[in-house]
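Take a look at the structure set out below.
Numbering (our numbering), first residue to last: 16 to 201.
Right, dumping it as structure tokens:
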């Protein structure tokens, strides 16, 4: 069985030719335990993504797992690919509901990352999250949204990209982003 990661994971041969995505739904600690439970999965990711430099796209909790630490219900080490931590969203605006669920407008930072080529500033994307990635270095923030203050919507560096929103629910914008990722050659 091919899982797209290069190496062995739970006894299956793994092939990671162009890149990989790590989707995620649920709590940070549960997702990390799930990765750790797959024999060799974390090592295969590390080998192919960090050492071999294959393109990587983390989606939702998949992006959060790129952090050094998750603080959802307990302190849980992340993959530590981008220094920072995942913390509860908070706002002084008591009219906002949590989790942040629904459509929001992307605001891009610095130069436009290749996964966002052809996606207009202010594009609507769909979010479902109560925790957000707070990178230690703001230069790793590719995009944000305003939800009672600036909230990280995308992070990245080198061959790494992560998005907090759900491209599969974000209609044409999400499809364009996935297409861009599949064509991205860092």
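The C-beta atom is built at its ideal place from N, Cα and C for all residues, glycine as well.
Whose CA, out of the options, lies closest to the CA of residue i?
i	options	result
residue 176	133, 200, 183	200
residue 213	77, 66, 63	Outside the shown range of the chain, which is 16 to 201, sits residue 213, and nothing can be said about it.
residue 88	169, 195, 124, 145	145
residue 120	154, 51, 47, 188	188
residue 153	143, 179, 124	124
residue 178	155, 73, 107, 108	73
Quick one: Cα of residue i to Cα of residue j, how far?
i	j	result
residue 131	residue 138	10 Å
residue 111	residue 41	21 Å
residue 83	residue 101	8 Å
residue 134	residue 167	17 Å
residue 148	residue 75	10 Å
residue 26	residue 45	For residue 26, the pLDDT reaches just 41, beneath the cut-off of 50, and the residue's location in the model is therefore unreliable, although a value from the coordinates is still provided. Cα to Cα, the separation comes out at about 22 Å.
residue 43	residue 63	22 Å
residue 122	residue 170	12 Å
residue 71	residue 109	36 Å
residue 58	residue 195	26 Å
residue 60	residue 107	38 Å
residue 52	residue 136	39 Å
Kindly list the residues whose CB is nearer than 6 Å to the CB of residue i, restricted to its own chain and excluding five residues on each side of it in sequence; keep chain order.
i	result
residue 190	none
residue 185	140, 141
residue 94	80, 81
residue 68	174
residue 193	182
residue 47	91
residue 2	A question about residue 2 goes unanswered here, because the residues of the chain that appear run from 16 up to 201.
One question on the structure: do residue i and residue j come within less than 7 Å of each other, judged by their Cβ atoms?
i	j	result
residue 150	residue 104	no
residue 128	residue 157	yes
residue 91	residue 99	no
Which residues in the same chain have their Cβ closer than 7 Å to the Cβ of residue i, if we skip the five residues on either side of it in sequence?
i	result
residue 65	96
residue 143	114, 116, 181
Contact between the segment 154 to 169 and the segment 110 to 126 is defined here as three or more beta-carbon pairs at a separation below 8 Å; is this criterion met? Flag = yes, the segment 154 to 169 and the segment 110 to 126 touch.
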